[in-house]
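See below for the structure under consideration.
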Amino acid sequence: MSELKPLALRALHLRLGAKMVPFAGYEMPVQYPMGVLKEHLHCRAAAGLFDVSHMGQVIVTAKSGRPEDTALALERLIPVDLLGLKEGRQRYGFLTTPAGGIIDDLMATNRGDHFFVVVNAARKAVDLAALKAGLPDCDLGEVAGRALLALQGPQAEAALARLVPDAADFAFMDHGIRSWQGVDLWISRSGYTGEDGFEISLPEAAAEAFATRLLEDPAVAPIGLGARDSLRLEAGLCLYGHDIDETTSPIEADLAWAIQKARRASGARAGGFPGAERILRELAEGTARKRVGLRPEGRAPMREGTPLFAAETGGDPVGTITSGGFGPSLEAPVAMGYLPASLCAPGTTIWGELRGRRLPVTVAALPFRPSNYKR
Amino acid sequence: MKYTKDHEWLRVEGELVVVGITEYAAQQLGDVVFVELPEVETQVAQDDEVVVIESVKAASDILAPVEGEIVEVNEKLSDNPGLVNEDPLGDAWFFKMKIDDLSVLDEFMDEDEYNEMIS
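Chains as they are written, first to last, in this note's numbering: chain X, 4 to 378; chain Z, 629 to 747.
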């Protein structure tokens with residue numbers, strides 16, 4: 004096994020009493036003494052600080068020097084309207100395979116003369132290889148020496164405003180650079196919890212001081228990977244390698260909303276990305292299976308890998324749970340998985356097999372609870 | 629009180645053995661969100677899986693520490709599984725067993741031996 008990479012904030016995590024675990028090649032805090040359940044609820048009620056420095060931060064710049072060329076180049080790999088993305092704005096997207104699967108999901112930000120792209124830790128190398136191969140007309144650079152923090156929850160704005168006075172001026176998916184004690188903060192109003200909040204990229208050397216200042220606010224608690232997972236699950240957000248991968252198309256994954264009109268059939272820049280044939284066909288005709296929200300009855304969580312059946316007895320599995328656990332805010336188990344189109348309507352009852360017994364599960368609309376983004 | 633290598637505690641109460649999990653085990657499990665208890669009047673063999681505990685992290689089992697009959701289960705845990713984290717050594721007992729010969733408990737660890745094992 005290769006050596007785990009430590010995060011820049013390792014010492015702070017240990018001081019805060021974090022339990023550290025290996026994740027995507029990094030040594031990451033999975034929980035703090037508060038515990039997953041309370042961390043989750045604290046983030047929904049006040050604010051949570053997450054260290055997500057393991058994620059890849061990439062800068063893409065067209066060699067031509069023309070800003071629109073970067074957007075157009077990225078559009079060759081990402082089926083999202085990036086040319087129409089204004090400077091200082093961010094958008095969710097994904098890199099697709101020639102067969103129409105998902106290489107990775109990501110956040111792309113137009114920063115004027117370049118794009119700032121944040122990708123999943125476990126896919127960093129694969130993503131960079133795909134970007135390099137597909138974008139010979141661009142310079143690519145993984146940002147070195149910058150930590151990434153997420154501050155999430157209804158009190159995130161007030162907490163950040165103590166250090167960044169105009170934090171409230173950012174709207175959902177806005178991005179901007181602010182200075183704090185002489186260092187540049189790259190701030191986006193976004194996150195992956197279903198809550199309002201911010202993601203802040205900053206020099207590693209300043210990260211501990213900045214995080215410590217945020218944590219001085221009694222509203223802000225450090226939150227580990229455990230609660231990050233239950234928060235994103237309740238928000239109905241996909242986890243790469245679980246809910247989406249190279250075998251799932253964005254349409255199967257119910258991510259069609261992320262493909263704007265300009266990239267769809269008869270759009271201004273229709274297609275022109277890997278897997279366009281399949282993805283555009285699925286947009287028009289639908290898919291045989293789809294990712295859905297699932298609410299198991301009772302209290303027993305159904306986790307990843309749980310087989311799903313159309314009937315209480317007999318028959319082969321019709322699908323599988325791809326993410327599942329207990330939703331602390333819903334005080335009930337929640338899951339996501341893939342089902343045949345005929346079983347995808349919210350309210351449909353299916354069965355999940357747990358310890359040899361089939362228990363009823365109701366198909367539910369996503370997200371499981373309304374998101375609190377500041378539009 | 630006696631302890632098993634699976635982090636259960638065993639307490640004799642009259643003719644019965646009360647079974648729960650240790651504070652260390654509860655901490656390792658994390659927040660417990662679901663407990664499935666066995667039926668009463670069930671005969672169990674040693675190491676039978678009798679209780680399912682689901683925490684926010686994972687599912688785990690509690691094994692029957694010895695052969696015997698389950699005579700009572702702690703229904704409170706079905707409604708309030710968090711009790712396992714709040715009071716693992718007290719209110720959050722899982723089940724009571726009737727066993728033929730209480731002397732079989734002698735082979736389990738005492739508190740010092742258990743503390744040494746987890747240290």
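All residues carry an ideal CB built from backbone N, CA and C; glycine is no exception.
Since the structure is predicted, the reported quantities are computational estimates derived from the model, not experimental observations.
Beta-bridge pairing of residue i - partner residues as DSSP gives them
i	result
F312(X)	W354(X)
D689(Z)	V680(Z)
G648(Z)	W637(Z)
S182(X)	D187(X)
G200(X)	Q155(X)
D2(X)	Not covered by the structure: residue 2(X). The range shown for chain X is 4 to 378.
L342(X)	K293(X)
Q34(X)	K22(X)
I105(X)	T99(X)
N113(X)	R92(X), F118(X)
L52(X)	L154(X), P225(X)
T323(X)	P310(X), Y341(X)
T365(X)	R298(X), T352(X)
E288(X)	Answer by DSSP bridge pairing: none, since E288(X) is not bridged.
V660(Z)	S683(Z)
T670(Z)	I698(Z)
L205(X)	A150(X)
R272(X)	Answer is none; R272(X) lacks a bridge partner.
M725(Z)	V645(Z), I698(Z)
K630(Z)	L638(Z)
Nearest-angstrom Cβ-Cβ length linking residue i and residue j, presumed shorter than 8 angstroms
i	j	result
P693(Z)	E636(Z)	6 angstroms
L205(X)	L228(X)	Actually they do not touch by this definition, with Cβ atoms about 20 angstroms apart.
V705(Z)	L638(Z)	Per the sequence shown, residue 705(Z) should be read as Leu rather than Val. Not a contact, Cβ separation roughly 17 angstroms.
L52(X)	P331(X)	No, L52(X) and P331(X) are not in contact; Cβ-Cβ is about 18 angstroms, not under 8 angstroms.
I353(X)	V337(X)	That pair is no contact at about 15 angstroms.
Q60(X)	E145(X)	7 angstroms
G340(X)	A102(X)	Not confirmed; about 22 angstroms, so no contact.
L154(X)	I203(X)	7 angstroms
V699(Z)	V668(Z)	6 angstroms
L77(X)	F118(X)	6 angstroms
V186(X)	A161(X)	Actually they do not touch by this definition, with Cβ atoms about 22 angstroms apart.
Pairwise C-alpha distance: residue j and residue i
i	j	result
A214(X)	A111(X)	24 angstroms
S252(X)	G308(X)	19 angstroms
L151(X)	L218(X)	15 angstroms
D731(Z)	E643(Z)	One point to set straight first is that residue 731(Z) is Ser, not Asp, in the sequence displayed. Spanning the two alpha carbons is a distance of roughly 11 angstroms.
L163(X)	E249(X)	37 angstroms
G658(Z)	K633(Z)	19 angstroms
M23(X)	M31(X)	5 angstroms
Q184(X)	P168(X)	13 angstroms
E334(X)	P299(X)	12 angstroms
Y29(X)	E697(Z)	47 angstroms
A222(X)	Y35(X)	16 angstroms
G275(X)	I262(X)	13 angstroms
R360(X)	P320(X)	13 angstroms
R216(X)	D172(X)	21 angstroms
A27(X)	A128(X)	11 angstroms
G318(X)	R358(X)	17 angstroms
E6(X)	P709(Z)	38 angstroms
L240(X)	I247(X)	10 angstroms
D675(Z)	F736(Z)	14 angstroms
V83(X)	F97(X)	8 angstroms
N123(X)	L88(X)	22 angstroms
I254(X)	A273(X)	16 angstroms
I649(Z)	E682(Z)	14 angstroms
Q610(Z)	E356(X)	Given a span of 629 to 747 for chain Z in the structure shown, any question on residue 610(Z) remains unanswerable.
E651(Z)	S182(X)	47 angstroms
Closest Cα partner of residue i within the set the options
i	options	result
P157(X)	R149(X), E198(X), R292(X)	E198(X)
E71(X)	D140(X), R302(X), L342(X)	D140(X)
T100(X)	R284(X), A27(X), F118(X), L80(X)	L80(X)
G200(X)	R47(X), G103(X), L131(X), Y341(X)	R47(X)
V714(Z)	A653(Z), V645(Z), K630(Z)	Per the sequence shown, residue 714(Z) should be read as Glu rather than Val. The residue with the shortest Cα to Cα distance from E714(Z) is A653(Z).
G115(X)	I106(X), V146(X), A102(X), H178(X)	H178(X)
L236(X)	I324(X), V120(X), L85(X)	I324(X)
L362(X)	P310(X), M339(X), L369(X)	P310(X)
E677(Z)	K685(Z), S683(Z), V684(Z), E695(Z)	E695(Z)
K726(Z)	T650(Z), V712(Z), T670(Z)	T670(Z)
P373(X)	R302(X), T196(X), L86(X), E42(X)	T196(X)
I134(X)	A147(X), R149(X), L109(X)	The question names Ile, but residue 134(X) in the sequence shown is Leu. If we check each option's Cα against that of L134(X), L109(X) comes out closest.
V684(Z)	N702(Z), A673(Z), V712(Z), V668(Z)	V712(Z)
G38(X)	R378(X), P225(X), M176(X)	P225(X)
I190(X)	L85(X), G328(X), S326(X), V121(X)	V121(X)
Self-check item: Segment contact, 8 angstroms Cβ cut-off, at least three pairs: the segment 289-297 of chain X with the segment 331-350 of chain X
Solution: yes
Exercise. Assess, as a yes-or-no matter, whether the segment 56-67 of chain X is touched by the segment 124-144 of chain X under the definition of 3 or more beta carbon pairs within less than 8 angstroms.
Key: yes
Quiz item: If you pair each beta-carbon of the segment 707-721 of chain Z with each one of the segment 649-664 of chain Z, do three or more pairs fall below 8 angstroms?
Solution: The segment 707-721 of chain Z, when compared against the segment 649-664 of chain Z, does touch it at the 8 angstroms Cβ threshold.
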